[in-house]
Each structure stands twice: as C-alpha cells, then as structure tokens.
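Written out below as structure tokens is the structure these notes cover.
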Amino acid sequence: MAGCIALIAHDEKKDDMAEFARQHQDALSRFRIIATGTTGGRVQGACPGLEVTRLKSGPLGGDQQIGAMIATGEVDMLLFFIDPLTALPHDVDIKALTRLATVYDIPMALNRATAEKLIDFQ
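Residues are numbered in the numbering used here as their position in the sequence shown, beginning at 1, plus a constant of 903.
Dropping the structure here:
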C-alpha cells in the first residue's frame, strides 16, 4: 500500500468529496483511507469497494484524531474539502488540523481542484 490519505469534508462539501472519491476510486484504493465519521460514510456509500476507516465526526473529535495521526506519521496526505462560507463551531480544531499538516509538511488539499492535482501525481 502506498500510504495513508485522510478525507474530511464540511457538510456543504460532502457530495463533492463523495463524487471525487467515486471518480478516483482506483487511485484511492492503493492507499489506506481514513475519514471523519460522516464523510467516511458518504465515501463508502459512493464507493462500496473502497475500504474506509471511519473515525469520530469532525466536531466530536474526528479532526483531532486525524491531527494526532498526522503528528505520529500515520497520515501521508490530507484532502479536506472546506466550506469557507459557513461558520463552524469547531473552527479552532480545523485550524489546529491544517497547522499540523503544515508543520509535518504533508501534502494538503483544501479544495477539489488541488485534490485533483495531488491524486494525479500518486
């Protein structure tokens, strides 16, 4: 296996993440996939053949779980489809997560266009 990709999508971006996963299922299948709870469920629904480890929902600690996995070297890439137009009560967790991805210098996409580029290089 090529490593581990973490998938997260805000509510308004979950359909986009599920479609992205469906279109790139072959590429994603070469990786261990982890995801926050609801996002993981949506990805599994779109890609029944893709093995996805679902963690807690983002606001309930899933973002922090993925951040910890980045810090321990278990996550090699973060694909996080954010919704910049919606206020989020767990914004501090999101900032901590993207900060860890930057500190540990892993590839990170915060929108689909960047995710398309990253997955094409794998």
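Here a beta-carbon is modelled for each residue, glycine too, at the ideal position from N, C-alpha and C.
Proximity of L953 and Q928 at Cβ, strictly below 8 Å: yes
Cβ neighbour criterion (16 or more within 10 Å) applied to A938: Counting Cβ neighbours within 10 Å, A938 comes out buried, since at least 16 surround it.
Residue from E977, T942, Q967 with nearest C-alpha to H913: T942
Backbone CA spacing between Q947 and G961 [nearest angstrom]: Near 17 Å, if we compare the C-alpha coordinates of G961 and Q947.
Separation of I936 from T1005, as counted between CA atoms: Inter-residue distance for T1005 and I936 is about 20 Å (C-alpha atoms, whole angstroms).
Where the alpha helix (DSSP H) containing A905 begins and where it ends: Note, A905: premise wrong, no alpha helix (DSSP H); not H, not E.
DSSP-derived helix/strand/coil call for V955: The DSSP-derived three-state label of V955 is strand.
Cβ-Cβ separation, A1018 to F923 (assumed contact under 8 Å), whole Å: Confirmed, Cβ separation roughly 6 Å.
Integer-rounded CB distance, given that I997 should sit under 8 Å from D966: 6 Å
C-alpha distance - V978 paired with K959, whole-angstrom precision: Between V978 and K959, the alpha-carbon positions lie close to 16 Å from each other.
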